[in-house]
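If you read the sequences in order, they're chains A and B.
The letter at position 15 of the first sequence is residue 15 when you use the numbering used here, and the numbering goes up by one with no holes.
The letter at position 167 of the second sequence is residue 167 when you use the numbering used here, and the numbering goes up by one with no holes.
All C-beta atoms, glycine included, are put in the ideal place defined by N, C-alpha and C.
2 protein chains.
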Amino acid sequence: MASDHTRSAILAAAERLYADRGFGDVTLRDIVAEANVNLAAVNYHFGSKDELIAELFVTRSIATNRERLRELKAAEEQGGGRAPIEVILRALVGPTLRGCLGPQNQRSTAARFMIRASIESVPPIRRIKNREIDHLRKFAGAMRRALPERSDVDIYWGLNFALAMAHHTIRESERLTKLSEGKCDLDDVEDVVARVVSVATMALTAGRTESKAPVRALARDAR
Amino acid sequence: MASDHTRSAILAAAERLYADRGFGDVTLRDIVAEANVNLAAVNYHFGSKDELIAELFVTRSIATNRERLRELKAAEEQGGGRAPIEVILRALVGPTLRGCLGPQNQRSTAARFMIRASIESVPPIRRIKNREIDHLRKFAGAMRRALPERSDVDIYWGLNFALAMAHHTIRESERLTKLSEGKCDLDDVEDVVARVVSVATMALTAGRTESKAPVRALARDAR
DNA sequence: TTGCAATTCAAACAGTTGTATGAAACTATT
DNA sequence: AATAGTTTCATACAACTGTTTGAATTGCAA
């Protein structure tokens, strides 16, 4: 391959446009215009529009996943194969949050693209996300090692809730800012990470006292 | 208006098709075929496709919101204007979770539609969701009354995390089932509600207020 | 240079989409 | 029964979509 110029111009233009305007109303013609490239080039270089989107998303998400695993591995090696649950959770949600939050005006195109991807969820991206399970299993394993007395079910729920808080905060960051009238500072990424990790840790470690949950008694009959 | 037959046939058919196949690949022609109705009827009765989608979503979401407020009001009246935080949170996430989870084969069309709406997020629905803030403020107010010593920031973060866990669990219920190899039982809706409420309560009460009730265990299956 | 493959290009294709139109069929009131 | 207003219908429209085509151009090796 000669210079890759056209190919990467398309990738850059597509990422920028999708980040700015969403997947919904960006056509191939918009992309090739932005990239100063012929319309047919997309199909020549990528095969189809969906494959272009998939390549964009895969590139960014394997970067995030690699960062996650790097942090996880570092923590586990330092702890002799067993890392504290807080550190594991930080490795899980930190890279994503750091990648997507932070001062708006200095958010990278990549970050804004990933936010879009998490909001709009088009078919090619959904397909890729479904293959993310193996990756999550590695974290479930590490969490099980950190909390050996905890049941698998609790581990999975804790993992689920940690991801929930991180992703939802990214997706709805604008609404949270508006709802709180700016009191919740989403630009302070490390504070957000700390909050998510703290709550997820509580969820995973609290009440290890064999207590049969009396939860159901409350309020089930508020009608 | 005469009989409303066409109008409601369109609404029913559209909700069913969107629930089954998503917004992405359901056309007006699909809908009118399913409803045994003429193509032009959609624009005649609803003005446009987007207004049809909006009406569907508004109907369902004001129903949920009404149920939420009903539970909240009942709890606050019973407690003399101040309800326990668990009950407030239950009123917040309970109706949504009950509406969207539960045994797949007995999920209502409405439930499946709302799940789609939470996954795919098309423009007309996003516009409506953005107007949901006033509704959430009522819950923020109730939470502030329940936890007067807590800062506004913490309240908003707790609210955000509670919604995060509920919505993410709905959105990714399939993935959680697969990840946990079925160990997480998403059909036991009341257990899911209890888990979300429990974690959100911990998020809101742990830390600064040592005098508060001891954190409860993750709602383990008590049977 | 010549030859050959890779790339670019303009143009067209084949479909689908939501929407508009104007006539026809109803419904209910007079 | 005649009328006016509403609703249904077949059909056309106009625009946009991703993709394909086949010829031109380019870059590089022999």
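So the candidates are the options; which of them puts its Cα closest to the Cα of residue i?
i: A:T169; options: A:T201, A:G99 and A:S151; result: A:G99
i: B:L11; options: B:I31, B:G24 and B:D20; result: B:I31
i: B:L179; options: A:T96, A:A140 and A:A19; result: A:A140
i: A:R155; options: A:L136, A:R171, A:A166 and A:E172; result: The sequence shown places Ile at residue 155 of chain A, not Arg. When each option's Cα is compared against that of A:I155, the closest is A:L136.
i: B:T96; options: B:E190, B:G207, B:T201 and B:S198; result: B:E190
i: A:I119; options: A:A14, A:D50, A:A13 and A:A19; result: A:A19
i: A:P84; options: A:S108, A:K49 and A:R145; result: A:R145
i: A:E149; options: A:E71, A:G207, A:D25 and A:Q78; result: A:G207
i: A:I115; options: A:P123, A:D188 and A:R60; result: A:R60
i: A:A203; options: A:S8, A:A74, A:L89 and A:T64; result: A:L89
i: A:L69; options: A:A40, A:G94, A:E174 and A:M165; result: A:G94
i: A:D25; options: A:L92, A:V122, A:E67 and A:V42; result: A:V122
i: A:P124; options: A:A54, A:N43 and A:R66; result: A:A54
i: B:S198; options: B:V37, B:L159, B:R171 and B:G80; result: B:L159
i: B:A91; options: B:G102, B:R107, B:A33 and B:R66; result: B:R66
i: A:L101; options: A:S8, A:R21 and A:T177; result: A:T177
i: A:A226; options: A:A164, A:T64 and A:V192; result: With chain A covering 1 to 223 only, the question about residue 226 of chain A has no answer from this structure.
i: A:S173; options: A:A162, A:L163 and A:D187; result: A:D187
i: A:K73; options: A:V193, A:R171 and A:K138; result: A:K138
i: A:D185; options: B:V153, B:D185 and B:A164; result: B:V153
i: B:S108; options: B:L17, B:R175 and B:Y44; result: B:L17
i: B:E15; options: B:H45, B:L56, B:H5 and B:S151; result: B:L56
Determine the extent of the alpha helix (DSSP H) in which residue i is found, giving its start and end residues.
i: B:E55; result: K49 to Q78
i: B:T169; result: D152 to R171
i: B:A83; result: Here B:A83 belongs to no alpha helix (DSSP H), and DSSP marks it neither H nor E.
i: B:N43; result: A40 to F46
i: B:G141; result: I133 to A146
i: A:R224; result: Because residue 224 of chain A is not part of the residues shown, which for chain A are 1 to 223, the question remains open.
i: A:P103; result: No alpha helix (DSSP H) holds A:P103; DSSP gives it neither H nor E.
i: B:T186; result: Residue identity differs from the one stated: residue 186 of chain B is Leu in this sequence, not Thr. Note, B:L186: premise wrong, no alpha helix (DSSP H); not H, not E.
i: A:T6; result: H5 to R21
i: B:A35; result: L28 to A35
Are the C-beta of residue i and some C-beta of chain A separated by less than 9 Å?
i: B:N160; result: yes
i: B:C184; result: yes
i: B:D50; result: no
i: B:Y18; result: no
i: B:A54; result: no
i: B:A164; result: yes
i: B:G24; result: yes
i: B:Y156; result: yes
i: B:A213; result: The predicted position of B:A213 is uncertain, since its pLDDT is 41 and thus under 50; no value can be drawn from it.
For chain B, is any of its Cβ atoms less than 9 Å away from the one on residue i?
i: A:S180; result: yes
i: A:D152; result: yes
i: A:L101; result: no
i: A:S8; result: no
### Query
When Cβ atoms are compared, which residues of the segment 108-132 of chain B fall closer than 9 Å to chain A?
Residues of the segment 108-132 of chain B with a C-beta atom less than 9 Å from some C-beta of chain A are I119, E120, S121, V122, P123, R126, K129, N130 and E132, listed in chain order.
### Query
Relative to chain B, which residues along the segment 167-178 of chain A have a C-beta separation below 8 Å, given in chain order?
H167, H168, T169, E172, R175, L176 and K178
### Task
May I ask you to list, following chain order, the residues of the segment 191-205 of chain B that have a beta carbon less than 7 Å from some beta carbon of chain A?
A194, R195, S198, V199, M202 and A203
### Query
Of all the residues that make up the segment 132-149 of chain B, which are near chain A by a beta-carbon distance shorter than 9 Å?
E132, I133, L136, R137 and A140
#### Entry: Three-pair Cβ contact test at 8 Å for the segment 49-65 of chain B versus the segment 107-114 of chain B
yes
#### Entry: Stretch pair the segment 123-134 of chain B + the segment 122-132 of chain A: three plus CB contacts closer than 8 Å
By the Cβ test, the segment 123-134 of chain B is not in contact with the segment 122-132 of chain A, since fewer than three Cβ pairs between them sit closer than 8 Å.
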